[in-house]
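A.B. asks: For reference, the structure I am asking about is given below.
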Amino acid sequence: MFQLRYPYLSMTLVSGLLTIYSVTANAAEAKESAQEPLELRQQIERLQQDYQSQIDALKKRLDEGHSSSVTNSSQQSSSLRIGLSGLFAAGGSSVDNATLANLQAGGHDPKQNGFTLQNVELSIAGTVDNYLDAQANLIYLMNPKGETVMELEEAFFTTRNLPAGLQIKGGQYYTEFGRQNKQHPHTWGFVDQPVILSRFFGGDGLRSQGARVSWLMPTDTYSELTFGMQNPKGETVTSFLNAEGEEIGGYTLTDRRARNAADLLYSARWLGGIDLSDNLSMNVGVSGLWGPNASGTTTDTQIVGADLYLKWQSAYSQKGYPFVAWHTEFLQRRYEAGDVAREVLKDQGYFSQVLWGFKPGWVAGLRWEYADADGNTSADPLRDTRKRLSPNLTWYTSEYSKVRLQYNRDWAEHLPNKTADSVWLQVEFSLGSHMAHTF
Amino acid sequence: MKISYKHFLWLLGLAIVSGSLHAALKVETTTQDLAAIAKAVGGDYIHVHSLTKGTRDPHYAVAKPSMIRKVYGADLLLVIGADMEIGWLPSLLQSARNSRVQPGNPGYLDLSEAVPLLGKLQGPVSRDMGDVHAKGNPHYWLDPRNGVRMAKAIALRLGQLDPEHVTEYQKNVELFEKTLKTRLQDWKKTLQHLQGKPIIAYHTSFVYLADAFGFRIIDEVEPKPGITPSAASLAKLIARIKKERIDLLIMEPYYERRSARYLNEKTGLQIAVIPQSVGAQAGIETYIDLFDSIVKNLKFKEEN
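One line per chain: the protein sequences are A and B, in this order.
Counting with numbering that gives the first Met the number 0, you get residues 0 to 438 for the letters of the first sequence.
Counting with numbering that gives the first Met the number 0, you get residues 0 to 303 for the letters of the second sequence.
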């Protein structure tokens, strides 16, 4: 954000010059008609000297520049961070585009043979005042019809200094469920989102409007409890009220609305973190979701999950390499469906992935996924028994760009051939503020 | 037993005394160098802990959950600044929900503001230039004179947060300055042979060390800061080393050694792996230890 200081100074300079010009011009006119030209000229000269000295002072500041003005602009940049990241993919699959759309159910997944613009994200974050920090993420993407879609992905505030380790977040935000759900596509270790998350939380992850309070517990090791309430309706609250006309397990959803506080989406999460040694850290989390669903008038959904993250980093690491990170999540859903003959749909699944940064800038990844549901669901692409193996290789060309090659081997009951093979090449760039390093 | 008024007062007094005994300031630092200097100044009146280890490059740290807990409990946070911690400190501060150590408050001290920074960039800055820091080179702790400046700034801040021990902090910082000044004379004498000598560094991290001991860093193994050397960039460097008869390369322990070994094979250039931070190698626990070790490593190269 160092450029910011120039516009200010140059504007001051320009306006100074303009003032001189107008003073001189006015003075020139005045001189012709004036009765006391000498006095006027002296006045003009005085004015010119005044402005000249001001301009000189400004120039001097500009030349000295960096010490004072950089400090100012750095304070500005630390209070407002703006970044734009673009994520593109190209590739192909052994199945056609219509089938592929079912396999790659994530909203930002590459899901057509050829090129996909996965995600262009504009992110603005900063400190509002003494009380609040805030952040907004705007997403631009192109749907398979070639139309540009803009989404308000997130816009939320967090409190800065509540007592007793408490923090409140409010607005539109990704629900803190598990580790992966609130991660943005450009921080993912793979080109697509896990199958089980697409099934439970839809293409865009679980996010909605609401508020949550989190408590950093006064224990020696890191332990955080989060409790939240969010609006249960909308396409990004897939397993709950969702949107009218959508289908889950053969049930068409109605336009059910939240009638009272009991009809909201409730979430709870506990996250513990501990350093097992200087080189090995562990995160363990459990999460739960409770809320109504729109397959009936009194039907509810519950989702529970557990997540484990282990990261090893060499004691002597260059740029954070070498490292090994292991991330596993398990999720289970209980979905009450229908009013007349009430049925309980049970779905579950997990994914487990390892990322190995073997030399600076280079990461090899391997992900294994499994998802299924009780009952005969083999024809439903979102509830059949599904397995996927995804090896990949990523080259982080710098902190601001990367190139990734991934192979997906799919086993899915709903496919006529039962399997599919896909290869994706992904490129990312980011502009603007330095992105946070993810743990 | 009936608890009398006297007993109660006695217990209250005990509680206050034990409370004040545990009231030592909790100081968190982003690097072990800062922790070592803070320890020298604060002595037993403060608890110091570093968020990162000296064996790693602090620029590439990540905000681990354990760090959130530490920063939450801190009374004072010491940072290197000049964008050194930009990849992890902003998100850490947001998660740590401790207003005492937020920038702008007395519990936040950016030491880059206490020293004259070298390598500030003039003119347009582009990311094409590699990992450049427009605000200046952040490796300033590698000049003992800056160590004194940092110690003074820390002492001043500790005195503001804990006025009870102002005189102790002042005494400690005077002793620290005296010791460093004496030792600096010895170190300079030992490294006399490096005066005015052209040297190659792996990364742009030793400009302050060169400034303090009077040698010149004329090139880096990295073609641009943070960019891994390529065969072509190494070939160019080899030509320069031969032409200008450069015979010493200095580098941090955590960088890859392959490029250095290659340069050594091709030109006979000597390699000195020198610790860049307190804690970078076993046995380096204080700020003085750091320079003792650096000087020892550079002295050894003369005898070879």
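Note that the Cβ used here is the ideal one computed from N, Cα and C, for glycine as well.
It should be emphasised that the depicted structure is a prediction, and the values quoted were computed from it without experimental measurement.
Taking buried to mean at least 16 other C-beta atoms within 10 Å of its own C-beta, is residue 261(A) buried or exposed?
C.D. replies: By 1-based counting over the first sequence, the position of residue 261(A) is 262. Its Cβ having fewer than 16 others within 10 Å, residue 261(A) is exposed.
A.B. asks: From this set, 398(A), 184(A) and 164(A), which residue's C-alpha is nearest residue 439(A)'s C-alpha?
C.D. replies: With chain A covering only 0 through 438, there is no way to say anything about residue 439(A).
A.B. asks: Apart from the five residues just before and just after residue 400(A), which ones in its own chain have a Cβ nearer than 8 Å to its Cβ?
C.D. replies: One-based indexing of the first sequence puts residue 400(A) at position 401. Correct list, in chain order: 426, 427, 428 and 429.
A.B. asks: Using a Cβ cut-off of 8 Å (strictly closer), state whether residue 252(B) contacts chain A.
C.D. replies: For the purposes of this step, residue 252(B) is identified with residue 253 of the second sequence, where counting begins at 1. Closer than 8 Å: yes.
A.B. asks: Taking the straight line between their C-alpha atoms, what separation do you get for residue 321(B) and residue 155(A)?
C.D. replies: Nothing about residue 321(B) can be reported from this structure: the residues present for chain B run from 0 to 303 only.
A.B. asks: Give the single residue among 33(B), 209(B), 196(B) and 249(B) whose Cα lies nearest to the Cα of residue 47(B).
C.D. replies: Locating residue 47(B) in the second sequence gives position 48, where the first residue counts as 1. Of the listed residues, the one whose Cα sits closest to residue 47(B) is 33(B).
A.B. asks: Between the stretch 135-167 of chain A and chain B, which residues of the former have CB atoms less than 9 Å from a CB of the latter, in chain order?
C.D. replies: Listed in sequence order: 157, 158, 159, 160, 161, 164, 165 and 166.
A.B. asks: Output yes if chain A places a C-beta closer than 8 Å to the C-beta of residue 93(B); else output no.
C.D. replies: Counting from 1 along the second sequence, the entry for residue 93(B) is found at position 94. Chain A contact via Cβ: present.
A.B. asks: Taking its Cβ as the centre, do 16 or more other Cβ atoms sit within 10 Å of residue 357(A), making it buried, or is it exposed?
C.D. replies: For the purposes of this step, residue 357(A) is taken as the residue at position 358 of the first sequence. Looking at its Cβ environment, which holds fewer than 16 other Cβ atoms inside 10 Å, residue 357(A) is exposed.
A.B. asks: Return helix, strand or coil for residue 379(A), following the three-state DSSP convention.
C.D. replies: Mapped onto the first sequence, residue 379(A) falls at position 380. Three-state result, residue 379(A): coil.
A.B. asks: Less than 8 Å between the C-beta atoms of residue 287(B) and residue 271(B), yes or no?
C.D. replies: In the second sequence, the residue the question calls residue 287(B) occupies position 288. In the second sequence, the residue the question calls residue 271(B) occupies position 272. No, these two residues do not count as a Cβ contact at 8 Å.
A.B. asks: Quick one: does residue 54(B) have its CB under 8 Å from some CB of chain A?
C.D. replies: The count along the second sequence starts at 1 and reaches residue 54(B) at position 55. Interface residue, yes.
A.B. asks: Assign residue 293(A) to one of two classes, buried (16 or more other C-beta atoms within 10 Å of its C-beta) or exposed (fewer than that).
C.D. replies: Within the first sequence, residue 293(A) is the residue found at index 294, counting from 1. It is buried - the Cβ of residue 293(A) has at least 16 other Cβ atoms within 10 Å.
A.B. asks: Identify which residue in 312(A), 424(A) and 304(A) has its Cα closest to the Cα of residue 389(A).
C.D. replies: If you number the first sequence from 1, residue 389(A) lands on position 390. Taking only the C-alpha atoms, the option nearest residue 389(A) is 424(A).
A.B. asks: What do you reckon, are the CB atoms on residue 373(A) and residue 413(A) nearer than 8 Å?
C.D. replies: Within the first sequence, residue 373(A) is the residue found at index 374, counting from 1. Within the first sequence, residue 413(A) is the residue found at index 414, counting from 1. Not closer than 8 Å, so no.
A.B. asks: To the nearest angstrom, how far is it from the Cα of residue 163(B) to the Cα of residue 68(B)?
C.D. replies: Locating residue 163(B) in the second sequence gives position 164, counting from the first residue. Locating residue 68(B) in the second sequence gives position 69, counting from the first residue. Residue 163(B) and residue 68(B): Cα-Cα distance of roughly 27 Å.
A.B. asks: Helix, strand or coil for residue 121(B) per DSSP?
C.D. replies: The sequence position of residue 121(B) within the second sequence is 122, counting from 1. If DSSP states are grouped into helix, strand and coil, residue 121(B) belongs with coil.
A.B. asks: If you count every other CB in all the chains shown that lies within 10 Å of the CB of residue 166(A), and 16 or more means buried, which is it?
C.D. replies: Along the first sequence, one-based indexing puts residue 166(A) at 167. Residue 166(A) is buried by the Cβ-count criterion.
A.B. asks: Out of curiosity, what's the CA-to-CA distance linking residue 58(B) and residue 313(A)?
C.D. replies: Stepping through the second sequence from its first residue, residue 58(B) is reached at position 59. Stepping through the first sequence from its first residue, residue 313(A) is reached at position 314. The straight-line gap from Cα to Cα measures roughly 15 Å.
A.B. asks: Since residue 115(A) sits in a beta bridge, which residues does DSSP pair it with?
C.D. replies: Within the first sequence, residue 115(A) is the residue found at index 116, counting from 1. 88(A), per the DSSP bridge assignment.
A.B. asks: Measuring from the CB of residue 51(B), is there a heavy atom of the ligand FMN at a distance below 7 Å?
C.D. replies: Ligands displayed in this structure: none; no statement on the ligand FMN is therefore possible.
A.B. asks: Taking 8 Å as the threshold (beta carbon to beta carbon), is residue 301(A) in contact with chain B?
C.D. replies: Along the first sequence, one-based indexing puts residue 301(A) at 302. Answer no: the Cβ-Cβ gap between residue 301(A) and chain B never drops below 8 Å.
A.B. asks: With distances taken Cα to Cα, identify the nearest neighbour of residue 121(B) among 132(B), 111(B), 156(B) and 171(B).
C.D. replies: As a first step, residue 121(B) is located in the second sequence; it is residue number 122 there, counting from the start. Among 132(B), 111(B), 156(B) and 171(B), the Cα nearest to that of residue 121(B) belongs to 132(B).
A.B. asks: What does the Cβ neighbour count give for residue 185(A), buried or exposed, with the cut at 16 atoms within 10 Å?
C.D. replies: Position 186 of the first sequence, counted from the start, is the residue given in the question as residue 185(A). By the 10 Å Cβ count, residue 185(A) comes out buried.
A.B. asks: Check whether the Cβ atoms of residue 157(A) and residue 78(A) sit closer than 8 Å, and answer yes or no.
C.D. replies: If you number the first sequence from 1, residue 157(A) lands on position 158. If you number the first sequence from 1, residue 78(A) lands on position 79. Not in contact: residue 157(A) and residue 78(A) (Cβ atoms no closer than 8 Å).
A.B. asks: Which residues in the same chain have their Cβ closer than 6 Å to the Cβ of residue 80(B), if we skip the five residues on either side of it in sequence?
C.D. replies: The residue given as residue 80(B) occupies position 81 in the second sequence. Contacts found: 109 and 111.
A.B. asks: If you measure from the beta carbon of residue 293(B) to each beta carbon in chain A, is any gap under 8 Å?
C.D. replies: Residue mapping note: residue 293(B) aligns to position 294 of the second sequence, counting from 1. With 8 Å as the cut-off, residue 293(B) does not count as an interface residue toward chain A.
A.B. asks: Going by the beta-carbon positions, is the gap between residue 26(B) and residue 88(B) smaller than 8 Å?
C.D. replies: Locating residue 26(B) in the second sequence gives position 27, where the first residue counts as 1. Locating residue 88(B) in the second sequence gives position 89, where the first residue counts as 1. For residue 26(B) and residue 88(B), no; Cβs fall outside 8 Å.
A.B. asks: Given that residue 62(B) touches chain A, what residues does it touch there, using C-beta distances under 9 Å?
C.D. replies: Along the second sequence, one-based indexing puts residue 62(B) at 63. Within chain A, the residues near residue 62(B) are 435, 436, 437 and 438.
A.B. asks: Would you please verify whether the beta carbon of residue 180(A) is less than 8 Å from any beta carbon of chain B?
C.D. replies: Counting from 1 along the first sequence, the entry for residue 180(A) is found at position 181. Judged by the 8 Å Cβ criterion, residue 180(A) is not in contact with chain B.
A.B. asks: Given this structure, state the Cα-to-Cα distance separating residue 264(A) from residue 239(A), to the nearest angstrom.
C.D. replies: For the purposes of this step, residue 264(A) is taken as the residue at position 265 of the first sequence. For the purposes of this step, residue 239(A) is taken as the residue at position 240 of the first sequence. So the alpha carbons of these two residues sit roughly 8 Å apart.
A.B. asks: Please confirm if residue 316(A) has its CB atom under 8 Å from at least one CB of chain B.
C.D. replies: Looking up residue 316(A) in the first sequence gives position 317. Yes, residue 316(A) lies at the interface with chain B (some Cβ there is under 8 Å from its Cβ).
A.B. asks: Just to confirm, are residue 354(A) and residue 343(A) a CB contact at a threshold of 8 Å?
C.D. replies: On the first sequence, residue 354(A) is found 355 positions in, with the first residue counted as 1. On the first sequence, residue 343(A) is found 344 positions in, with the first residue counted as 1. The answer is no: Cβ separation not under 8 Å.
A.B. asks: Can you name the residues of chain A whose CB is closer than 8 Å to the CB of residue 87(B)?
C.D. replies: Within the second sequence, residue 87(B) is the residue found at index 88, counting from 1. Result: 435 and 436.
A.B. asks: For chain B, check one thing: does any of its Cβ atoms lie closer than 8 Å to the Cβ of residue 215(A)?
C.D. replies: Numbered from its first residue, the first sequence carries residue 215(A) at position 216. Closer than 8 Å: yes.
A.B. asks: Cα separation between residue 54(B) and residue 270(A)?
C.D. replies: Translated into the one-based positions of the second sequence, residue 54(B) becomes position 55. Translated into the one-based positions of the first sequence, residue 270(A) becomes position 271. About 28 Å.
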